[in-house]
Amino acid sequence: MNLTATYRTFVNSFIQFRKPIVAAVNGAALGLGAALLPLCDVVWANEKAWFQTPYASYGQTPDACSSFTFPRIMGLASANELLLSGRKLTAQEAGSKGLVSQVLWPGTFTQEVMLRVKELVAVDSLVLRESKALMRNTSRSALEQANERECESLKRVWGSSQGTDAILQYLQRGTELC
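First residue of the sequence shown: 427, per our numbering; consecutive thereafter.
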């Protein structure tokens, strides 16, 4: 299996997962880590967390359905700014744009997340699955199509000399920072 096929399968597993997916962001959500968040059902973030999708700076196109989900949840202008310029968002900004469900205080972040997860787990599993299906079924096909388009784009970019050069330059910058 090639890299884009693996990527496609990985992202589709989020799209097709029947139980609620909870994300607790306690630091940086960078690239794929940020792009996957709209595929989660609940996203809690530490007040000190930050979010960034610097795809263009390392020669990559959007992934994890972010070309579909970001404009849908935060509007086209904000999505363009995040996906094209790679601007970093604070947790508060991510919350106001709809990328995060709620921002939690750092001092009690872990305890608060665990309490909320316990409350969620206490809900009848059939009710959770059915509720998620009702909310997700309207967009499932569109998400799978977005994932397919993004993987095809990644395949073209990764296979091009410009894409390879951009990735190598980005990696070189990273090693210079260490």
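Using N, Cα and C, we set each Cβ at its ideal position, and we do this for glycine too.
Inter-segment contact for the region 448 to 456 and the region 477 to 495 is present: three or more beta-carbon pairs are separated by less than 8 Å. Bounds of any beta strand (DSSP E) do not take in phenylalanine 443, whose DSSP letter is neither H nor E.
A straight line joining the alpha-carbon of serine 493 with that of leucine 465 spans about 12 Å.
For glutamine 528, the enclosing beta strand (DSSP E) begins and ends at 528 to 530. Put simply, of Glu538, Val468, Ala460, Ala431 the residue whose alpha carbon is nearest the alpha carbon of alanine 449 is Val468. Taking the Cβ atoms as the reference, alanine 461 lies roughly 7 Å from proline 488, within the contact range of under 8 Å. In this structure, the beta-carbon distance from leucine 569 to isoleucine 441 falls below 7 Å. As computed with DSSP, alanine 482 is found in no beta bridge at all. For leucine 554, no beta strand (DSSP E) segment is defined; the enclosing uninterrupted segment is the alpha helix (DSSP H) at 551 to 562.
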